[in-house]
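*Asks:*
In full-length UniProt numbering, the protein residues as written are 1 to 284.
1) For residue 148, does the count of other Cβ atoms within 10 angstroms reach 16, so buried, or fall short, so exposed?
2) I'd like the list of long-range same chain contacts for residue 223, defined as Cβ closer than 7 Å, with 5 residues on each side in sequence excluded.
3) Around the Cβ of residue 142, are there at least 16 other Cβ atoms within 10 angstroms (buried) or fewer (exposed)?
4) Count the other CB atoms, across all protein chains shown, that sit within 10 Å of the CB of residue 186; report buried if there are 16 or more and exposed otherwise.
5) List the DSSP bridge partners of residue 195.
6) Residue 29 by DSSP, collapsed to three states: which one?
7) Give me, in chain order, the residues of the same chain whose beta-carbon lies closer than 7 Å to that of residue 121; leave out the 5 immediate sequence neighbours on both sides.
8) On the criterion of 16 or more Cβ atoms from any shown chain inside 10 Å, does residue 5 qualify as buried, or is it exposed?
9) For residue 156, does the three-state DSSP call read helix, strand or coil?
10) Here's the rule: buried if 16 or more other CB atoms are within 10 angstroms of the residue's CB, otherwise exposed. What is residue 260?
11) How would you call residue 241, buried or exposed, if buried means at least 16 neighbouring beta carbons within 10 angstroms?
12) Near residue 96, which residues of its chain fall below 6 Å by C-beta distance, leaving aside the five closest residues on each side in sequence?
13) In terms of residues, what are the limits of the beta strand (DSSP E) holding residue 82?
14) Ignore the nearest five residues each way along the sequence and tell me which others in residue 86's own chain have a CB closer than 7 Å to its CB.
15) Would you identify the three-state DSSP class for residue 135, choosing helix, strand or coil?
16) By alpha-carbon positions, which one of 209, 126, 89 and 102 ends up nearest to residue 136?
17) Can you list, in chain order, the residues of its chain with a C-beta nearer than 7 Å to that of residue 92? Leave out the 5 residues immediately preceding and following it.
18) When DSSP labels each residue in this structure, what does residue 105 get in the three-state scheme?
19) Would the beta-carbon of residue 40 fall within 7 Å of that of residue 195?
20) Quick check on the DSSP output: the alpha helix (DSSP H) that includes residue 124 runs from which residue to which?
21) If you run the structure through DSSP and keep just helix, strand and coil, what is residue 216?
22) Does the pairing of the stretch 31-50 with the stretch 209-224 give three or more beta-carbon distances under 8 Å?
23) Could you spell out where the beta strand (DSSP E) holding residue 69 opens and where it closes?
24) If distances are taken between C-alpha atoms only, which option among 225, 157, 252 and 230 comes closest to residue 307?
25) Once you ignore the five residues that flank residue 8 on each side, which residues in its own chain have a CB closer than 8 Å to its CB?
26) State the Cα-Cα distance for the pair residue 28 and residue 173, rounded to the nearest angstrom.
27) Given a threshold of 16 other Cβ atoms within 10 Å of its Cβ, counted over all protein chains shown, does residue 215 qualify as buried or as exposed?
28) Could you tell me the alpha carbon to alpha carbon distance between residue 226 and residue 205, rounded to whole angstroms?
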């Protein structure tokens, strides 16, 4: 498969009063993502996983290095990208249907087409019967399914997912992992998925990129040579357990240093990011 996304020698530093060179969040970050692949970024908190996703989404500019989608700079490829955040980022004053229509509305798609697209993707995530509900009337898992439907309705070629199930209970999380795989297998989209859960990364992915401690970099790529379609029984097979052990060994050397090297970048709200992505405006 050809490469859909290529990042080379990517670096990002934020100003830091204690250092003239600033605080390096990413440095020497190299990664290629194949077209149609499901790739997970796995690492401890503070290693730069979400920072890379924000650069890829065009929300944060890198300090140096190059990142391209289909050979184009991110600034020219933002219409190919959809984002799902951990915090849902739904607009509370809009119904479920209207939330899913958000990106299409900003792109001035006709009302009839917006409605048809929204209903198609709500049906895909099993929430068409809740189209006229508001976010506060839904469970956490249902809200995240709305967020996924909204991202898909925008028509992206690449789906960026930043710990989308991190705030959910274990049972709901595993259920949504299974649903996500079903959606991905039907859509054939490229997915870049951020997580700190080893089991989640292995269960979902074709490959897992294990990130090293700050400055963030890709330490190891693990090929997940497990059959598809996948179900919950896979988690108990010997091959899955062996991959879990390998990922744990790769990750464990980073955990002791993660907190001492972690850094909180400037805060952006998820809803602000959603509006910026759909509007296609460059990061200021």
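Glycine included, each C-beta is placed from N, C-alpha and C at the ideal position.
*Replies:* According to the structure data:
1) buried
2) For residue 223, where only same-chain residues beyond five positions count, the Cβ hits under 7 Å are 207.
3) buried
4) exposed
5) 42
6) strand
7) So the list reads 100, 149, 152 and 153, once near-sequence residues are dropped.
8) Answer is buried; the Cβ neighbour count reaches 16.
9) Coil at residue 156, not helix or strand.
10) Bear in mind that a pLDDT of 48 at residue 260, under 50, signals an unreliable position, so the number given afterwards is only what the model happens to contain. Residue 260 comes out exposed.
11) exposed
12) 130, 131, 133 and 146
13) Note, residue 82: beta strand (DSSP E), 81-84.
14) 162, 163, 164, 166 and 167
15) helix
16) 89
17) The residues are 134, 135 and 136.
18) The answer is helix: DSSP assigns residue 105 an H, G or I state.
19) yes
20) 111-124
21) strand
22) yes
23) 64-69
24) Since the displayed the chain opens at 1 and closes at 284, residue 307 lies outside it and no answer follows.
25) Around residue 8, the same chain offers 30, 65, 66 and 67 as residues with beta carbons nearer than 8 Å, after the five sequence neighbours per side are excluded.
26) 33 Å
27) buried
28) 9 Å
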